[in-house]
Amino acid sequence: MSEFLRPPAGAARLEGNVRLPEHLPSTHTGDATPPGSPAKAPGSPKSGGLTSHFKSPNAMLNELLVSSVVNATAGPTTASAKAPLSLQTTTVNFRNFVQKSGPIFYVQDGVESIIRWEDPIKTVFCGCCWVVLCLHPMLLLLLPNVIIITILLVTHQKRYPPQPIAASLNERPTKVSDKPMNDGPPSQGSIDYLQNLQNIQGMMGRISDLTDAGRQAVPYLDWSNERLTMVILQVAILSGIGMASIMYYVPWKYVALVGGIAALALSHPLSISLLGRSAPLMQTRSKHILAKLQQIMEDDALNDEHLEALDIRDIELFENERLDETGQWSPHALTLRDPKPWATQASIAAGLSHDTQAATAPSDAELSYSPPKGYRWVEGEQWRIDKYSNWAIASDLDDDGWHYSTDFRPTENASDAIKAHSTRQRRWIRRAFHYAG
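For the sequence shown, UniProt numbering assigns the number 1 to the initial residue and increments by one for each residue that follows.
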């Protein structure tokens, strides 16, 4: 042992039997007990002193975890993590977005130019690339490389402008500059800045139009019409089961191939012209299809009492309005010769107007109109606008079901075009069934 433990040269040996104290005074205050706290049991382990420096790794890890949990605070919520609303910050961020959104609209303009056949050669080339990608989807892994190579070729052309062939054979390409091409964002008020601002304006309009188009589907999905929403739910479930059963047998790459080529073909100017000419016919057929689907859904909701009825018919009411002096449509602008704001087809055909009283004329409130004698309303159905049937003779219906005419008569020649929108009406229908009794 003396080989390993050698005292220092200047150390002196203690004389006599000197006993060290059993408990050395400790300067460690981490485990000091507060006044009034109970004393530790004699057999309890001692902490602090020299033994506190020789804790096991597990004990140190436990203490670290416990202290982390105790000192941990709840993270900020999503709302509190956002920056507060500030007009100055909004202005700065919007200006920066306008300055730096150029690449987004550059890509958008490139895609739109391909779809619109502005450069037929480029569109045909992109169509061929789409065919190759659909037949060999693994080539998509090379897309990042192709993008980088394209960017490098474009920047090389800007760095070394093309020269005449005779000069290029004898001389090396002339380099424009060694400076980076990043000129920074366009300054406020420049042409590029205003162009980006114009593109943002168009983007906001398209987003608004898409939102309005999506809102039209909300009544079909919010259970305001339980029967229609239930049909949509059933169709979604059944179609999902059917798709899950055949999805592994469908050649999706050929479906994508045909879909992409069809999209390019339909966006050709010739195709757009043909579709524009056939739009009225397609609109008429779509109305017939929608009317048939609506009739099927309504018939499916009938109960046994309705099916056993002697007759089920559509009770109709026509809502009439006239253009007033301020250019607004109003039922109060109707003249004495016009039909009432709410009238039946029989009263309109008979010429019953405000100054004519008849037993068949309904009241002004369409909800208070009663079904014919011997008929009752079909439970669960309310008055609805007829947008799909061909009750209008002179012109098509608009999106709200209105039919425009001149004094509630069809416009016969072009000279009446100015008066063509002086009156309008739309048809409300509600089904009633004949009951025995």
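Heads up, the beta-carbon is just placed ideally off N, CA and C, and yes, glycines get one too.
Computed from a prediction, not measured in an experiment: that's the story for all the values here.
Whole-angstrom Cβ separation of Ser-389 and Ala-291, contact assumed at under 8 Å? 6 Å
Using the Cβ count rule (16 or more neighbours within 10 Å means buried), how would you classify Lys-100? Burial call: exposed.
List the residues that DSSP assigns as beta-bridge partners of Tyr-160. Answer is none; Tyr-160 lacks a bridge partner.
Any idea if Gly-401 is buried or exposed, counting beta-carbon neighbours within 10 angstroms, 16 or more meaning buried? buried
Helix, strand or coil for His-421, going by three-state DSSP, please let me know. coil
Hey, is the segment 268-281 in contact with the segment 149-158, meaning 3+ C-beta pairs nearer than 8 Å? no
Three-state class that DSSP yields for Asn-320 in the structure shown: Asn-320 carries a strand assignment under DSSP once its states are collapsed to helix, strand and coil.
Would you tell me roughly how many angstroms separate the C-alpha atoms of Ser-187 and Ala-256, rounded to the nearest one? 43 Å
Where Ala-432 falls, given that 16 or more other Cβ within 10 Å makes a residue buried: buried
Look up Trp-391 in the DSSP assignment and say whether it is helix, strand or coil. coil
Kindly indicate if chain D contains any beta-carbon less than 7 Å away from that of Gly-260. Considering every chain present, this structure includes no chain D. It has just one protein chain.
Does DSSP classify Ala-343 as helix, strand or coil? strand
If you pair each beta-carbon of the segment 87-107 with each one of the segment 228-240, do three or more pairs fall below 8 Å? no
Report the three-state DSSP secondary structure of His-403 (helix, strand or coil). For His-403, the three-state secondary structure derived from DSSP is strand.
Give the secondary structure of Pro-38 by DSSP, where H, G and I count as helix, E and B as strand, and everything else as coil. Because the pLDDT at Pro-38 is just 45, under 50, the model does not fix this residue reliably, and the value given afterwards should be weighed accordingly. Reduced to three states, the DSSP call for Pro-38 is coil.
Going along the chain, which residues of its own chain have a beta-carbon closer than 7 Å to the beta-carbon of Ala-414, five neighbours each way excluded? Low local confidence applies: a pLDDT of 37 at Ala-414 is under 50, so the model's placement there is unreliable, and no value is given.
Return the chain-ordered list of same chain residues with a C-beta closer than 6 Å to the C-beta of Arg-424, the five sequence neighbours on each side being excluded. Glu-321, Trp-402, Tyr-404
Quick one: is Glu-379 buried, meaning 16 or more other Cβ sit within 10 Å of its Cβ, or exposed? exposed
Integer Cβ distance of Asp-314 from Ile-429, believed to fall under 8 Å: 5 Å
Taking the alpha carbon of Leu-266 as the reference point, which residue from Phe-94, Gly-110, His-421, Thr-123 has its own alpha carbon closest? Thr-123
Hey, Leu-317 and Tyr-369 are a contact pair by Cβ (cut 8 Å); roughly how many whole angstroms apart? 6 Å
Could you name each continuous alpha helix (DSSP H) segment of 4 residues or more that falls completely within the segment 252-325, going from the start of the chain to the end? 252-266, 269-277, 279-300, 304-307
Apart from the five residues just before and just after Arg-426, which ones in its own chain have a Cβ nearer than 8 Å to its Cβ? Phe-318, Glu-319, Ile-385, Asp-386, Leu-397, Asp-400, Gly-401, Trp-402, His-403
To the nearest angstrom, how far is it from the Cα of Ile-191 to the Cα of Ile-241? 54 Å
Tyr-248 - DSSP class collapsed to helix/strand/coil: helix
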